[in-house]
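Comments concern the structure below.
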Amino acid sequence: MKSSARVVVVGGGVVGASVLYHLTKAGWNDVLLIERGELTCGSTWHAAGGMHTLNGDPNVARLQQYTINLYRELERISGQSCGLHMPGGIMLAGTRERFDWLKMAKARGRYLGMELELISADEAAKVFPIIDKKYFVGALLDPIEGHVDPYGVTHAYAKAAQIAGGEVVRHTRVVDLKPRADGSWDVITEAGNVHAEHVVNAAGLWAREVGRMVGLELPVLAMQHQYLITEDLPALKGQKELLTSIDFEGEIYTRQERGGVLLGTYERAGVPWSPVETPWDFTQSLLPEDLERIAPSLEVGFRHFPTLADVGIRKVVNGPFTFAPDGNPLVGPIRGLKNFWVACGVMAGFSQGGGVGLTLSQWMVEGDPGADVWAMDVARYGDWATLAYTNAKVRENYSRRFRIRFPNEELPAARPLRTTPVYEQLQAAHAVFGDYCGLEHPLWFAPSAEEAHEEITFHRSNAHPHVAAECRAVHEGVGLLEISNYGKFEVTGPGTEEWLSRVMANRVPQVGRVALTPMLNERGKLIGDFTMCRVGEQRVFLICTWAAESYYRRWFERHPPPGGVTVRPCAMEYVGLSVAGPHSRTLLQGLTRTDLASAAFPFLSFRRMDIGMVPALVGRISFTGELGYEIWVTSEYQRALYDLLSSAGRAQGLKLFGGRALNAMRIEKSFGTWAREYRPIYGPHEAGLGRFVDFGKSEFIGRAAALEEKESGGALRLMTFSVDAAEADAAGDEPIWHEGRVVGWVTSGAYGHRVQRSLALGYIPVALAAATDGFEIELIGERRAAKRESAPPLDPAGSRMRA
Ligand SMILES: Cc1cc2nc3c(=O)[nH]c(=O)nc-3n(C[C@H](O)[C@H](O)[C@H](O)COP(=O)(O)OP(=O)(O)OC[C@H]3O[C@@H](n4cnc5c(N)ncnc54)[C@H](O)[C@@H]3O)c2cc1C
Numbered sequence: 001m002k003s004s005a006r007v008v009v010v011g012g013g014v015v016g017a018s019v020l021y022h023l024t025k026a027g028w029n030d031v032l033l034i035e036r037g038e039l040t041c042g043s044t045w046h047a048a049g050g051m052h053t054l055n056g057d058p059n060v061a062r063l064q065q066y067t068i069n070l071y072r073e074l075e076r077i078s079g080q081s082c083g084l085h086m087p088g089g090i091m092l093a094g095t096r097e098r099f100d101w102l103k104m105a106k107a108r109g110r111y112l113g114m115e116l117e118l119i120s121a122d123e124a125a126k127v128f129p130i131i132d133k134k135y136f137v138g139a140l141l142d143p144i145e146g147h148v149d150p151y152g153v154t155h156a157y158a159k160a161a162q163i164a165g166g167e168v169v170r171h172t173r174v175v176d177l178k179p180r181a182d183g184s185w186d187v188i189t190e191a192g193n194v195h196a197e198h199v200v201n202a203a204g205l206w207a208r209e210v211g212r213m214v215g216l217e218l219p220v221l222a223m224q225h226q227y228l229i230t231e232d233l234p235a236l237k238g239q240k241e242l243l244t245s246i247d248f249e250g251e252i253y254t255r256q257e258r259g260g261v262l263l264g265t266y267e268r269a270g271v272p273w274s275p276v277e278t279p280w281d282f283t284q285s286l287l288p289e290d291l292e293r294i295a296p297s298l299e300v301g302f303r304h305f306p307t308l309a310d311v312g313i314r315k316v317v318n319g320p321f322t323f324a325p326d327g328n329p330l331v332g333p334i335r336g337l338k339n340f341w342v343a344c345g346v347m348a349g350f351s352q353g354g355g356v357g358l359t360l361s362q363w364m365v366e367g368d369p370g371a372d373v374w375a376m377d378v379a380r381y382g383d384w385a386t387l388a389y390t391n392a393k394v395r396e397n398y399s400r401r402f403r404i405r406f407p408n409e410e411l412p413a414a415r416p417l418r419t420t421p422v423y424e425q426l427q428a429a430h431a432v433f434g435d436y437c438g439l440e441h442p443l444w445f446a447p448s449a450e451e452a453h454e455e456i457t458f459h460r461s462n463a464h465p466h467v468a469a470e471c472r473a474v475h476e477g478v479g480l481l482e483i484s485n486y487g488k489f490e491v492t493g494p495g496t497e498e499w500l501s502r503v504m505a506n507r508v509p510q511v512g513r514v515a516l517t518p519m520l521n522e523r524g525k526l527i528g529d530f531t532m533c534r535v536g537e538q539r540v541f542l543i544c545t546w547a548a549e550s551y552y553r554r555w556f557e558r559h560p561p562p563g564g565v566t567v568r569p570c571a572m573e574y575v576g577l578s579v580a581g582p583h584s585r586t587l588l589q590g591l592t593r594t595d596l597a598s599a600a601f602p603f604l605s606f607r608r609m610d611i612g613m614v615p616a617l618v619g620r621i622s623f624t625g626e627l628g629y630e631i632w633v634t635s636e637y638q639r640a641l642y643d644l645l646s647s648a649g650r651a652q653g654l655k656l657f658g659g660r661a662l663n664a665m666r667i668e669k670s671f672g673t674w675a676r677e678y679r680p681i682y683g684p685h686e687a688g689l690g691r692f693v694d695f696g697k698s699e700f701i702g703r704a705a706a707l708e709e710k711e712s713g714g715a716l717r718l719m720t721f722s723v724d725a726a727e728a729d730a731a732g733d734e735p736i737w738h739e740g741r742v743v744g745w746v747t748s749g750a751y752g753h754r755v756q757r758s759l760a761l762g763y764i765p766v767a768l769a770a771a772t773d774g775f776e777i778e779l780i781g782e783r784r785a786a787k788r789e790s791a792p793p794l795d796p797a798g799s800r801m802r803a
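Counting from 1, one number per residue, gives the positions in the sequence shown under this note's numbering.
Structure (structure tokens):
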């Protein structure tokens with residue numbers, strides 16, 4: 001083994017091998033993979049090898065497409081067969097809701113260029129003859145599905161990497177990782193040390209243990225997973241290979257394995273494996289079979305696939321593999337650890353391994369992943385994703401793998417975890433809560449405890465009239481919203497303005513003022529949207545998306561402030577309440593001696609003031625588009641503030657409102673939000689944030705690229721649409737059609753109660769930005785006419801906010 005390398009990849013499963021290959025492909029050849037046993041000896045060797053393109057996140061779906069298309073190239077370069085079988089796949093719907101879900105999946109696939117086809121149960125039985133069609137209402141066909149040989153794929157990656165100069169060392173365990181002062185690493189192995197500039201943790205089942213070597217507790221957990229292989233089915237003899245299948249009701253997947261059928265389950269009673277420590281002596285091993293546990297799924301399976309009951313079981317496999325809490329991979333650099341990267345929690349190595357390798361290698365070589373990888377960025381989790389949290393969420397995710405996630409559905413596991421001081425009061429007011437980064441936050445308020453439950457549906461739910469009443473109250477009177485679920489940073493010290501001015505695209509506001517600003521990467525793409533509130537010459541309070549806090553901190557580490565400037569995350573130190581609506585000023589003025597008249601405290605003001613006895617930071621700003629105030633207090637004051645506003649608000653008819661109403665109202669104002677409208681694939685001009693980029697400043701990160709975008713106009717435009725919807729509104733990821741062609745995609749949607757119509761925000765090509773008619777948005781398989789709005793549907797002049 002060599003004593004130094006530019007990169008050491010720890011782990012020779014399909015993911016580590018893919019990372020090694022992609023690093024060589026990107027031009028880094030001094031790379032070494034260290035594997036403690038044989039390649040594939042963790043979770044890879046016993047995988048069923050199935051692969052498909054569909055994923056809840058279109059950007060991950062794109063990387064899955066990339067992976068599947070890679071296998072032929074890999075075979076060509078390496079000379080190693082990947083055992084590629086591409087019979088196509090069928091997804092079987094046993095209920096109307098599931099069929100609706102498949103319609104939406106087909107719709108999403110359209111703008112990814114996927115050729116999916118919806119068919120009836122009769123047609124399904126023709127193309128997939130092993131089913132009893134009476135259990136199904138329809139199906140979706142995907143020609144790009146199949147399976148590979150896990151051993152073949154992993155060795156093909158490794159061989160292709162070796163041809164390009166990469167090295168693979170087997171039977172050598174990495175026992176420790178020691179950082180050097182210059183950011184490089186000493187990789188301590190059983191066979192000596194390697195000095196590496198970069199280390200990649202691709203240790204799969206042992207990713208947690210390798211993480212712990214550097215003080216990291218990664219949110220990954222292995223689950224036991226079983227499949228069985230039947231004896232040969234006479235009916236398959238001499239036929240073309242069976243489609244791969246998913247039977248959602250049975251929570252079963254199948255594919256042909258030689259003359260028989262491989263049938264796996266994602267059972268509800270899933271069992272974690274080695275929840276705390278993964279044993280090092282588990283090498284090329286399996287777990288004892290436990291058919292009892294998957295019996296409920298098998299019963300359904302044998303009913304739905306009756307021919308399988310006629311043959312015996314040849315083999316049962318029970319093996320562990322890892323998941324992150326949301327089921328997507330954990331990829332990227334780790335905040336606080338220089339040159340340390342992860343590529344783990346990959347639960348679908350044969351659909352995602354290639355995409356993960358590509359992303360990580362680009363990130364390492366180019367300094368940027370080259371695609372929108374937010375859905376699998378390791379920074380989407382913070383310290384709250386503890387071992388026990390991960391355990392609860394992974395078990396939930398596993399048991400729901402084949403269940404529908406409705407757009408309005410909130411999942412129950414690991415809750416409540418984080419609560420704010422007013423949680424009980426909100427609960428007493430019949431709040432229906434959502435979970436955001438482990439924090440309970442109110443979505444809407446029901447009239448009674450009995451009604452404080454939301455039906456999960458693709459259509460408008462029982463919350464609809466209550467959300468309407470909340471929006472009405474904010475529009476006509478005054479509403480109270482808990483706003484603690486934002487990320488916050490406090491930037492202090494001399495040089496605060498200079499640093500922010502370099503990191504943010506907009507001008508830092510004057511003391512007492514607020515400025516909205518995009519944060520851009522070097523490619524001029526959006527990597528954040530912040531509200532900068534200038535409290536003092538050397539003190540700026542930043543408000544942002546909480547889920548991206550680690551992501552932002554990682555960026556701030558890469559572009560550190562000068563000595564003397566402190567950037568302190570303080571999300572839960574400052575909790576907040578907001579009052580919004582035409583009567584909000586009267587309400588608040590009754591509680592403070594600070595003059596709130598528009599002349600004294602105009603729109604976009606920010607000031608320290610007392611509200612009753614409570615010291616607060618108050619900004620005159622509201623995401624609702626109405627006159628409004630955001631009030632930030634340290635957490636010990638939130639209860640007193642809530643009580644004060646509630647009792648004073650009685651005279652004004654103050655009404656509580658929640659996140660659902662806020663979302664509808666921000667869409668009525670065409671306000672975007674991070675991870676929906678604002679993502680690293682869009683430029684500020686495309687996203688309608690051009691007015692918040694200050695080219696008057698000589699330099700800031702992304703300036704040159706943003707200027708180029710401004711001059712060229714960019715490729716896309718974020719637009720607002722009124723949709724001729726009936727009982728269902730857009731929720732995100734629906735295709736936008738124009739004159740019979742799919743031209744774009746929806747990022748958010750809701751019913752706009754104040755303007756009384758269904759709305760959607762979405763991106764279309766810039767060439768169509770001037771068209772108003774001819775658009776359609778596909779809602780649950782139906783193309784509904786849509787009109788492009790030329791201005792925000794509510795109060796385009798913004799006079800209500802400025803009143
Ligand atoms: C029963 C079953 C069926 C499956 N079916 C499918 C399927 O149909 N399709 C699909 O896409 N996925 C499937 N999977 C999941 C798939 O197996 C995983 O996605 C994949 O194996 C993850 O690969 P990995 O490289 O991340 O992890 P692993 O395969 O666990 O590889 C990690 C490697 O790192 C090595 N290592 C760890 N620590 C060290 C160290 N300190 N020093 C040196 N080496 C180290 C290990 O020995 C191991 O070889 C299935 C899994 C199971 C269990």
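From the three backbone atoms N, C-alpha and C, an ideal C-beta is built for every residue, glycine too.
DSSP three-state call for E782: helix, strand or coil?
When DSSP states are grouped into helix, strand and coil, E782 belongs to the strand group.
Would you say the beta carbon of V14 comes nearer than 6 angstroms to a heavy atom of ligand 1?
The nearest non-hydrogen atom of ligand 1 is less than 6 angstroms from the C-beta of V14.
Same chain only: Cβ atoms within 7 angstroms of A125, ignoring 5 sequence neighbours per side:
The residues I131 and K133, in chain order, have a CB closer than 7 angstroms to that of A125 in the same chain once the five nearest residues on each side in sequence are set aside.
For ligand 1, any of its heavy atoms closer than 6 angstroms to the Cβ of T206?
First, the residue type needs correcting, since residue 206 is Trp and not Thr in the sequence shown. Checking every heavy atom of ligand 1 against the Cβ of W206, one is found closer than 6 angstroms.
Tell me whether I34 sits in a helix, a strand or coil according to DSSP, three-state version.
Residue state, collapsed to three classes: strand.
Can you give me the C-alpha to C-alpha distance between F623 and W745, rounded to a whole angstrom?
Cα-Cα distance, rounded: 23 angstroms.
Beta strand (DSSP E) runs wholly inside the region 237–315, at least 3 long, in chain order:
DSSP runs (the beta strand (DSSP E)) wholly in the region 237–315: 244–247, 252–257 and 260–265.
Just confirm the distance between the C-beta atoms of E94 and S120, as a whole number of angstroms; I'd bet it's less than 8 angstroms.
The sequence as given places Gly at residue 94; Glu does not occur at that position. Not a contact, Cβ separation roughly 14 angstroms.
Beta-carbon proximity check, G752 vs A760, cutoff 7 angstroms:
Contact flag unset, no.
Helix, strand or coil: how does DSSP classify I404 here?
Residue state, collapsed to three classes: coil.
Hey, out of T67, K178 and W28, whose CA is closest to V365's CA?
Of T67, K178 and W28, the residue nearest in Cα terms is W28.
F305: buried (16+ other C-beta within 10 angstroms of its C-beta) or exposed?
F305 should be labelled buried.
Anyone know if the C-beta pair for I246 and L263 falls short of 7 angstroms?
Contact: no.
Going by DSSP, what residue range makes up the alpha helix (DSSP H) through P819?
Limits of the chain in this structure are 1 at one end and 803 at the other, which puts residue 819 out of reach.
Can you tell which of C41, V755, Y763 and V60 has the C-alpha that lies nearest to the C-alpha of M376?
Checking every option, the nearest Cα to that of M376 belongs to V60.
Could you tell me which uninterrupted beta strand (DSSP E) segments, each at least 3 residues in length, are contained entirely in the region 679–730, listed from first to last along the chain?
For the region 679–730, the full-length beta strand (DSSP E) segments reaching 3 residues or more read 716–723 along the chain.
Count the other CB atoms within 10 Å of the CB of K2; is the residue buried (16 or more) or exposed (fewer)?
Label assigned to K2: exposed.
If I measure Cβ to Cβ from W112 and keep anything under 8 angstroms in the same chain, skipping five residues before and after, which residues do I get?
Position check: residue 112 holds Leu in this sequence, whereas Trp was assumed. Taken in chain order, the residues that qualify are T53, P58, A61, R62 and Q65.
What's the C-alpha gap between V614 and Y637?
Going from the Cα of V614 to the Cα of Y637 covers about 6 angstroms.
For a test of the three-state rule: what should DSSP assign to Y574, helix, strand or coil?
DSSP places Y574 in the strand class (E or B) of the three-state scheme.
Length of the line joining the Cα atoms of Q510 and G619:
Rounded to the nearest angstrom, the two C-alpha atoms are 14 angstroms apart.
Is any heavy atom in ligand 2 found nearer than 6 angstroms to the beta carbon of E476?
With respect to ligand 2, the structure shown offers nothing to examine, as its ligands consist of ligand 1.
Do you know how far the Cα of G696 is from the Cα of G50?
Between G50 and G696, the C-alpha separation is close to 53 angstroms.
Count the other CB atoms within 10 Å of the CB of P811; is the residue buried (16 or more) or exposed (fewer)?
Look at the range of the chain in this structure, 1 to 803, and you will see that residue 811 is not part of it.
By how many angstroms is the C-alpha of F302 removed from the C-alpha of R712?
What sits at residue 712 in the sequence shown is Ser, not Arg. Cα to Cα, the separation comes out at about 59 angstroms.
May I ask you to report which of helix, strand or coil DSSP gives K488?
Here K488 sits in strand by DSSP.
With DSSP run on the structure shown, which of helix, strand or coil describes G512?
Assigned with DSSP and collapsed to three states, G512 falls in coil, not helix or strand.
Taking the beta carbon of T566 as the centre, do at least 16 other beta carbons fall within 10 Å, making it buried, or is it exposed?
Here T566 is exposed. Its C-beta has fewer than 16 other C-beta atoms within 10 Å.
Check the DSSP bridge columns for P615 and list the partner residues they point to.
The partner list for P615 (beta bridge, DSSP) reads D610.
How many Å lie between T24 and S698 at the Cα?
The straight-line gap from Cα to Cα measures roughly 38 angstroms.
Taking only runs of the beta strand (DSSP E) that begin and end inside the region 520–579, which ones reach a length of at least 3 residues, in chain order?
Here the runs fully enclosed are 526–536, 539–545 and 566–569.
If I'm right that G260 touches R314 with Cβ under 8 angstroms, what's the distance once you round it to whole angstroms?
Between R314 and G260 the Cβ distance is about 6 angstroms, and since that is below 8 angstroms, they are a contact.
Considering only the beta carbon of each residue, do Y574 and F402 sit closer than 7 angstroms?
No. Outside cutoff.
In angstroms, rounded to a whole number, what distance separates the CA positions of G683 and G512?
So the alpha carbons of these two residues sit roughly 29 angstroms apart.
If you run the structure through DSSP and keep just helix, strand and coil, what is H195?
In the three-state reduction of the DSSP assignment, H195 falls in the strand class.
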